[in-house]
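In what follows, a structure is listed as structure tokens, so that the remarks can point back to it.
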Amino acid sequence: MTEYHLRTPLSEGDVQKLVAGDLVFLSGPLFTARDKAHALMRRAGSPVSLEGAALYHCGPLILDDRVLSAGPTTSGRMARYTDEILGLGVRAIIGKGGLPGEPFQNRAVYLAYPGGCGAAAALQLRVLSVHLPELGMAESLWVFEAKEFGPMIVAVDAHGKDLYQEVRRSAQEPETY
Amino acid sequence: MREKVVEATVRALQRAETSLPDWVLQRIKEALARESHPLARHHLQFMLENVAIATAKGLPLCQDTGLAVFHVLQGRELILDFCLSEAIAEGVRIATRVIPLRPNAVHPQTRQNSEDNTGTGMPDIILDYVDGRGLTLTAFPKGAGSENMSLVGMLNPADDPFDFIVKNVAKRAANACPPLFLGIGLGGSFDLAARLAKQALLNMPGESLEELQLLERINSLGIGPMGLGGDTTALGIKIEKAFCHTASLPVAINFQCWANRSATEVIQ
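Chains as they are written, first to last, in this note's numbering: chain Y, 1 to 177; chain G, 1 to 268.
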């Protein structure tokens with residue numbers, strides 16, 4: 001378990017060196033997007049460049065441009081968009097609960113931020129700008145400046161390793177019906 | 001009296017959103033003392049730190065400030081000359097502004113957000129009657145991550161309900177922010193099982209032998225905090241039962257994340 005402190009946007013080299021189980025802290029811009037922003041980007045494209053970006057599955061609680069609470073949301077709801085989002089240049093998806101690992105191979109990582117830890121996350125983030133504000137507070141695309149955002153666990157790496165899947169496999173009891 | 005209910009609603013939500021009940025914190029600390037996986041220990045420690053930050057700074061500990069669920073115990077001798085659900089809704093609207101809460105309540109089809117956490121059928125108020133003339137109000141803000149993983153199974157009476165529970169927890173836990181609290185409704189009907197499961201979450205803590213055995217079986221799965229491995233998959237289980245039809249075996253699982261928020265206000 002190696003600990004990395006990286007800056008966004010991420011390089012191809014950053015992605016390649018991360019291995020499932022490593023700890024990561026990120027500094028630099030982060031982009032939030034969840035259900036509605038993903039659906040809208042599928043129709044109309046991204047309002048911002050996501051080249052090398054870390055995309056955060058998060059619907060923050062914001063008051064007057066101050067981040068009050070901003071932990072991760074369940075990534076599984078956005079699973080249908082993974083391939084096209086990574087196609088926009090995203091090199092890290094941050095969330096909780098995991099995503100199918102296949103689209104990440106050789107191009108990106110999935111980073112797990114501890115779920116429910118919104119207050120701790122808020123102290124590591126400040127608002128740079130907001131896009132798609134018509135989608136409402138939780139669903140807008142917020143651009144945050146992250147300072148040592150973490151700890152995050154590399155749960156899916158670019159080399160085909162998926163921690164969630166390993167845990168789930170070993171947890172299966174024999175099928176009874 | 002109406003004003004007291006409105007104020008109690010705001011106070012209960014404020015406390016529920018920014019702290020955890022002592023018994024919940026205690027369960028996390030006990031799990032940390034037992035946990036053998038380094039990554040799982042890391043998670044449990046960070047969760048405790050997060051609660052400490054939230055409480056010290058008055059920040060909602062999770063950005064998902066939940067759906068407005070309330071449990072009300074009304075004294076049988078108490079007569080209210082106002083609409084209780086309207087008074088609680090007013091408290092929710094005020095709390096949304098002052099705490100503040102993230103506006104979460106949307107129309108199920110248009111997805112239009114009411115921006116104040118209320119709407120048709122919301123807040124959800126579970127009302128029970130007790131002796132006396134008091135009113136006890138518990139705020140139980142329910143986050144979607146864990147609620148989304150909940151389910152009702154209409155089993156064959158020949159099936160083992162505990163196998164069904166363990167199998168579904170194994171499959172769904174990672175998305176529900178484990179370590180979990182599990183409310184189980186066993187028996188009744190399709191909808192009664194679901195209500196019993198929610199009631200079970202409201203009724204924690206304290207496990208029977210049967211509940212402890214199920215807890216042990218779930219923890220032996222090794223799913224761990226956030227689904228990334230460990231000894232701590234669940235922190236508590238409560239089973240509420242009702243008689244069911246001889247041809248039926250309804251089982252409901254209401255998932256609750258580690259951040260098991262609730263706060264109670266007593267109005268005299």
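Think of the CB as a built atom: it goes at the ideal place given N, C-alpha and C, for glycine as much as any other residue.
A straight-line Cα-Cα distance of about 48 Å links L23/Y and I267/G.
Between the beta-carbon of K57/G and that of A119/Y there is about 7 Å, and that keeps the pair under the 8 Å contact cut. Put simply, the CB of C62/G is near chain Y, with a gap under 7 Å to one of its CB atoms. In chain order, G187, G188, L192, L196 place their CB closer than 7 Å to the CB of A242/G, counting only its own chain and leaving out the 5 sequence neighbours on each side. In this structure, the beta-carbon distance from G227/G to A174/G falls below 7 Å. L26/Y is a Cβ neighbour of T8/Y, given a cutoff of 7 Å. Contacts between V167/Y and chain G, judged by CB atoms closer than 8 Å, involve A174, G222, I223, G224, G227, L228, G229 in chain order. Taking 3 residues as the minimum length, the beta strand (DSSP E) runs contained wholly in the stretch 27 to 115 of chain G are 69 to 75, in order along the chain. Among the residues facing chain G, L40/Y is not included, as its CB has no counterpart in that chain under 7 Å away. According to DSSP, residue pairing for H5/Y in a beta bridge involves F25/Y. In the DSSP annotation of this structure, D14/Y is not part of any beta strand (DSSP E); the continuous alpha helix (DSSP H) holding it starts and ends at 12 to 17. In this structure, I218/G sits away from T232/G, with a CB-CB distance that is not shorter than 7 Å.
Within its own chain, the residues whose Cβ lies closer than 8 Å to the Cβ of P133/Y, once the five positions on either side in sequence are excluded, are S140, listed in chain order. Judged by DSSP secondary structure, E134/Y falls outside any beta strand (DSSP E); it is assigned neither H nor E. If you ignore the 5 residues before and after L127/G, its C-beta comes within less than 6 Å of the C-beta of V72, all in its own chain and listed in chain order. Against chain Y, the CB of R102/G has a partner CB under 7 Å away; the residue lies at that interface. Proximity to P29/Y across R43/Y, V156/Y, V90/Y peaks at V90/Y, based on C-alpha coordinates. The beta carbons of P178/G and P141/G sit no closer together than 7 Å.
Going by beta carbons, N260/G and V24/G fall inside the 7 Å limit. Restricting attention to L50/Y, N106/Y, L86/Y, Y110/Y, the CA atom closest to the CA of V143/Y is found in L50/Y.
Taking CB atoms only, G118/Y has a neighbour in chain G less than 7 Å away. The beta carbon of G145/G falls within 7 Å of a beta carbon belonging to chain Y, placing the residue at that interface. Residue-level contact check: P100/Y does not touch chain G, since none of the beta carbons of chain G fall below 7 Å from its beta carbon. Distance from the CA atom of D131/G to the CA atom of L78/G, rounded to whole angstroms, is 9 Å.
In the three-state reduction of the DSSP assignment, D162/Y falls in the strand class, which pools E and B.
Under the DSSP definition of a beta bridge, I253/G partners with L151/G, I184/G.
For the beta strand (DSSP E) assignment, the uninterrupted runs of no fewer than 3 residues enclosed by the stretch 79 to 163 of chain Y are, from N- to C-terminal side, 92 to 95, 109 to 112, 125 to 131, 141 to 156.
The CB of N219/G never comes closer than 7 Å to any CB in chain Y; the least such distance is about 11 Å. No Cβ of chain Y is located within less than 7 Å of the beta carbon of A31/G. About 13 Å separates the CB atoms of H57/Y and R80/Y; that is not less than 8 Å, and the two are not in contact.
Within chain Y, the residues whose beta carbon sits less than 7 Å from that of I53/G are A119, A120, L123, listed in sequence order.
Between V156/Y and G98/Y a beta carbon distance of about 7 Å is seen, short of the 8 Å cut, so the two are scored as contacting.
Among the CB atoms of chain G, none fall inside 7 Å of the CB of G150/Y. The C-alpha of L123/Y is placed about 30 Å away from the C-alpha of E7/G. In the pairwise beta carbon analysis, the stretch 149 to 167 of chain G is classified as touching the stretch 242 to 254 of chain G: at least three pairs are separated by under 8 Å. For H107/G, the number of other beta carbons within 10 angstroms of its own is below 16, and it is reported as exposed.
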